[in-house]
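*Asks:*
Chains as they are written, first to last, in this note's numbering: chain A, 8 to 158; chain B, 124 to 985.
Below is the structure:
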């Protein structure tokens, strides 16, 4: 797969929807293309996060530590970005990612992603918009959960 | 040392000087006849009569007489020029020999300076003295005696002739001499003073430049570049001013000489003309005197310029030599003496006082005794006199009063052959020599050659020549090529055991893992040790098998296969499937080699690579055109730098405009090809390489192998069965590439390599390979802690009776504590003196001496 196909895939990631093609190509170029085999770890909860993953192909399980050991809480599929929280703010990985199948992943390192944001403010805007949307949704979910708890 | 240049010259080259003079005088009649003969040819042979003539009993008619004279002329031309050549070479050689003697003497004197003296002088000043400043002396020495003697003689003869013609005219001829003799030395004296100033000023400049280089991080860190630049600028102005003044005087002297010389004929014409008119002098005599005076001007000019040269060179000599005669210089025997006494017995300081010239470098009335074979800690903070006491005990510095003795022998009276071999000293600031780790490890064993080398043939002739030259110039005649490592002192039988001993010590100080890593990264010459290369090949094989069997590993690597394209390697490696023999050559530079260019053209690959390069350049320009230069994105990810970007933009514009007449220049095409060759498909993923092209490149490998690699020594083919000396040992072990598109592939495969190296017992040879690692200028490629540990191993290898360590492993942590225990264990039965700043460290040793402000304040006996 070449840059062009990666750009096609990136376009499907909601975060990058509004961004024009040359910038996506640049993003793809500065990312590292990695292959993960089923069962391989992308990252581990608690360790320092230095990159975000954009899944081009395959899917991964999201696991978190519980008192009874690791438990799967969700999965992430093609065309989604994971681990971006770790590269935007300095927090340890909030979950473990394990490849559920053979995966094709673009990894963007923290430094480069930040450089890109600085270089192209419209990407920052897009990222902000997506995060705000997500926050809004989370707040709504939280409110719903709370009212549910009151019932 | 001889204070004046002439004393130096006379003392060491009197015989040669007289010989030069003799030959010079001998050459005079030849030049004289050479000048006379043409007259004879014209007057006698061409215009003469009464032929045939008789010469040496043979009869000659006019033609053959002419031929005879001309042949004689030819012979004299050859003889005179041959003699000149011989004399010049002889003088040059003498000058060089004397220069060598002088330089060697100066260097040896530097080695004889006492340590405190080095606080007053800097290398920046000493280096130009030994190298450039004495250079002129060498050119002068050949002329030193012969020139004034010969030219002076000529002058006297000519003057005598003039005086014989007429005393009055003689006086006229020398009338300007008293004035010149009075004024010129006066002017010259000022020039001498100025030359001295100039030399000193240049020394300061050299010193400042040297200091700026050493301290360059400080300059950047403090933004003092302007200050340093102004400082140098000011010194340069001083230099200009001095030189300008010298020029003024020098050329004024010249002017004066010329003027005076041309003034004298004025008197000739006036006085001589008067005498002729009066009838006291014949017109012929006047003309002869005028001609003689013309001949007089030559020697006189030569003598004057000689005088200027002497004063210039002599001042240079003196300004150099005065720096090499400190009053307290060690006697030369201290360096050269072979006499080594055994330092058995207790070490004692008896009422020792020392002053390094500043507060905190002093020791007052110290008396102590350290028993032979015991361990003793000297405790005290920096400036307490700790370092001074340790250096005194090592015989590195001399007490101002009192005595330092080992077994009753005064260290002050012992030669370096004793002190430097039986005492090992490692100070706080260690020096690592530029060279390999091996050089540094065994440095403490290189006192004298331990054996002689058998030489024969040309080698022997050359060696004898070297010896005789050294003898001429009183240089040392030790053989640098002979083995120097003193195996006996190290307590080992042969070089192999010495290596093993060094390895053992490296392990004890914890330096072995570092050297192992350096070994993996180093290149090995398989001709030195073919079994090692074979073993590496065996591991390579085993590693390949393991990788093939383990799907996890095979996913991490792409091994070299002649019929497979390696996506984790650059196009250059894929296409050529060979590596340059010159390890310093980058792969993309290969395309500049003529054979490679021919190959690319023949295979019609150049156009295709150029197209690929163009596509890459287009993508790069497109991607990065809007990225600002300071973002750093370009530098990290593109194989084009920000500076090159406009250039590629230009190339692309040119390539695209089909109408452009000149098209791409050859150089631009090469740039594109190099760009293409640098691409690693799996990393750059530019999609510019199709399967067709991949196949073509794999096919081209075979042709390249046949056409270029087999014929050229510049390449080594990538072959699983061959050790490639231009690759590092690590790259030779893993015969391929860690995949760039797998996370941490390099680290994971490195671990596998390490474990296999251990399993196959290759670790040791690899560490030995690391011995040949070049440590950079003064060990700059090692960390500070590595340098210190290396110095400790060097000292331990000496196997000395007394080992003195200052500020080494003095930390309170577990690591350092263990290191101290290991050191004590290693040196048990021998004297160990350990300098530390912490009293708790001191408690570990049998004896403890605490210092404060240069006095012993506490002592615990063993």
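Where a beta carbon is used, it is the ideal one built from N, C-alpha and C, also for glycine.
#1: Looking at the strands, I want to know which residues DSSP matches up with residue 528(B).
#2: Just how far apart, CA to CA, sit residue 803(B) and residue 751(B)?
#3: Quick one: which unbroken beta strand (DSSP E) runs of 3-plus residues sit fully inside the region 891-938 of chain B? Chain order, please.
#4: Does the beta-carbon distance from residue 500(B) to residue 957(B) come in below 8 Å?
#5: According to the neighbour-count rule (16 or more other Cβ atoms, all chains shown, within 10 Å of its Cβ), is residue 370(B) buried or exposed?
#6: Can you look up residue 140(B) in the DSSP assignment and give me helix, strand or coil?
#7: Inspect the CB distances between the region 416-424 of chain B and the region 141-155 of chain A and report whether three or more fall short of 8 Å.
#8: Under three-state DSSP, which class holds residue 601(B)?
#9: What first and last residue would you give for the beta strand (DSSP E) that runs through residue 58(A)?
#10: Based on DSSP bridge pairs, tell me the residues matched to residue 68(A).
#11: When burial is assigned at 16 or more other CB atoms within 10 Å of the CB, is residue 147(B) buried or exposed?
#12: Applying a beta-carbon distance threshold of less than 7 Å, which residues of chain B neighbour residue 10(A)?
#13: Grab the span of the beta strand (DSSP E) containing residue 861(B) for me, first residue to last.
#14: If we cut at 8 Å on Cβ distances, does residue 750(B) have a partner in chain A?
#15: List the endpoints of the continuous alpha helix (DSSP H) containing residue 300(B).
#16: Kindly say whether residue 874(B), judged by its beta-carbon, lies nearer than 8 Å to any beta-carbon of chain A.
#17: Can you tell which of 188(B), 382(B), 171(B) has the C-alpha that lies nearest to the C-alpha of residue 179(B)?
#18: Going by Cα to Cα distance, which pick from 726(B), 704(B), 694(B) is closest to residue 711(B)?
#19: Using a Cβ-Cβ cut-off of 8 Å, state whether residue 138(A) counts as contacting chain B.
#20: Just confirm the distance between the C-beta atoms of residue 278(B) and residue 293(B), as a whole number of angstroms; I'd bet it's less than 8 Å.
#21: Report the neighbours of residue 864(B) on chain A: residues whose CB is nearer than 8 Å to its CB, in chain order.
#22: Consult DSSP for residue 855(B) and reduce its assignment to one of helix, strand or coil.
#23: Short of 6 Å in beta carbon distance, which residues of its chain neighbour residue 853(B), apart from the five on each side in sequence? Order them along the chain.
#24: Out of 671(B), 268(B), 506(B), which one is the CA nearest neighbour of residue 138(B)?
#25: Per DSSP, what kind of secondary structure is residue 838(B) in: helix, strand or coil?
#26: For the alpha helix (DSSP H) that contains residue 389(B), what are its first and last residues?
#27: Determine the closest residue to residue 683(B) out of 314(B), 860(B), 339(B), 910(B), with distance taken between C-alpha atoms.
#28: So, for residue 655(B): in the same chain, excluding its five sequence neighbours on each side, which residues have a beta-carbon less than 6 Å away from its beta-carbon?
#29: May I have a chain-ordered list of the alpha helix (DSSP H) segments no shorter than 4 residues that lie completely inside the region 420-507 of chain B?
#30: List, in order along the chain, the chain A residues whose C-beta lies closer than 9 Å to that of residue 511(B)?
#31: Between 206(B), 773(B), 263(B), which lies nearest to residue 219(B) when the distance is taken from Cα to Cα?
#32: Less than 7 Å separating the Cβ of residue 697(B) from some heavy atom of the ligand SAH?
#33: Against chain A, which members of the region 678-691 of chain B pass a CB distance test of less than 7 Å?
#34: Closer than 9 Å, Cβ to any Cβ of chain B: which residues of the region 119-134 of chain A, in chain order?
#35: Are three or more beta carbon pairs between the region 113-131 of chain A and the region 58-71 of chain A nearer than 8 Å?
#36: Just the Cα atoms here: how many angstroms apart are residue 856(B) and residue 917(B)?
*Replies:* According to the structure shown:
#1: Against the second chain, residue 528(B) aligns to sequence position 405. Answer is 471(B), 533(B), bridged to residue 528(B).
#2: Residue numbering aside, residue 803(B) sits at position 680 when the second chain is read from its first letter. Residue numbering aside, residue 751(B) sits at position 628 when the second chain is read from its first letter. Distance between the alpha carbons of residue 803(B) and residue 751(B) is about 25 Å.
#3: 925-929
#4: On the second chain, residue 500(B) is found 377 positions in, with the first residue counted as 1. On the second chain, residue 957(B) is found 834 positions in, with the first residue counted as 1. Going by C-beta atoms, residue 500(B) is nearer than 8 Å to residue 957(B).
#5: Here residue 370(B) is taken as the residue at index 247 of the second chain, counted from 1. Counting Cβ neighbours within 10 Å, residue 370(B) comes out exposed, since fewer than 16 surround it.
#6: Start at 1 with the first residue of the second chain, and residue 140(B) comes out as number 17. Note: residue 140(B) maps to helix in three-state DSSP.
#7: no
#8: Within the second chain, residue 601(B) is the residue found at index 478, counting from 1. It is coil, neither helix nor strand.
#9: Numbered from its first residue, the first chain carries residue 58(A) at position 51. 58-64 is the span of the beta strand (DSSP E), which, as asked, contains residue 58(A).
#10: The count along the first chain starts at 1 and reaches residue 68(A) at position 61. Per DSSP, 82(A), 105(A).
#11: The residue you call residue 147(B) lines up with position 24 of the second chain. Classification of residue 147(B): buried, given that the 10 Å Cβ count is 16 or more.
#12: Mapped onto the first chain, residue 10(A) falls at position 3. The contacting residues are 808, 809, 810.
#13: The sequence position of residue 861(B) within the second chain is 738, counting from 1. Unbroken beta strand (DSSP E) run through residue 861(B): 859-861.
#14: Looking up residue 750(B) in the second chain gives position 627. For residue 750(B), the answer is yes, since a Cβ of chain A falls inside 8 Å of its Cβ.
#15: Here residue 300(B) refers to the residue found at position 177 of the second chain. Per DSSP, residue 300(B) belongs to the alpha helix (DSSP H) from 300-337.
#16: Reading the second chain from its first residue, position 751 is the one you call residue 874(B). No, no contact with chain A.
#17: For the purposes of this step, residue 179(B) is identified with residue 56 of the second chain, where counting begins at 1. Comparing Cα-Cα distances from residue 179(B) to each of 188(B), 382(B), 171(B), the minimum goes to 188(B).
#18: Stepping through the second chain from its first residue, residue 711(B) is reached at position 588. Minimum Cα distance to residue 711(B) is reached at 694(B).
#19: Against the first chain, residue 138(A) aligns to sequence position 131. False, the Cβ-Cβ gap to chain B never drops below 8 Å.
#20: As a working note, residue 278(B) is residue 155 in the second chain. As a working note, residue 293(B) is residue 170 in the second chain. Contact flag wrong, Cβ pair sits at about 12 Å.
#21: If you number the second chain from 1, residue 864(B) lands on position 741. What residue 864(B) touches in chain A: 39, 40, 41, 42.
#22: Here the question's residue 855(B) lines up with position 732 in the second chain. Here residue 855(B) sits in helix by DSSP.
#23: Reading the second chain from its first residue, position 730 is the one you call residue 853(B). Excluding sequence neighbours, residue 853(B) sits near 643.
#24: Position 15 of the second chain holds residue 138(B). Measuring from the Cα of residue 138(B), the nearest candidate turns out to be 268(B).
#25: The residue given as residue 838(B) occupies position 715 in the second chain. Of the three classes helix, strand and coil, the one that applies to residue 838(B) here is strand, per DSSP.
#26: Position 266 of the second chain, counted from the start, is the residue given in the question as residue 389(B). Segment 348-390, the alpha helix (DSSP H) holding residue 389(B).
#27: Translated into positions along the second chain, residue 683(B) becomes position 560. Comparing Cα-Cα distances from residue 683(B) to each of 314(B), 860(B), 339(B), 910(B), the minimum goes to 860(B).
#28: Sequence index remark: in the second chain, residue 655(B) carries index 532 (1-based). 888, listed in sequence order.
#29: 455-459
#30: Position 388 of the second chain, counting from 1, holds the residue named residue 511(B). Those within 9 Å of residue 511(B) in chain A number zero; the least Cβ separation is about 49 Å.
#31: Residue mapping note: residue 219(B) aligns to position 96 of the second chain, counting from 1. It is 263(B).
#32: This structure simply doesn't include the ligand SAH, nor any ligand for that matter.
#33: 678
#34: 119, 122, 123, 125, 126, 127
#35: yes
#36: Here residue 856(B) refers to the residue found at position 733 of the second chain. Here residue 917(B) refers to the residue found at position 794 of the second chain. If I take the Cα positions, the gap works out to 31 Å.
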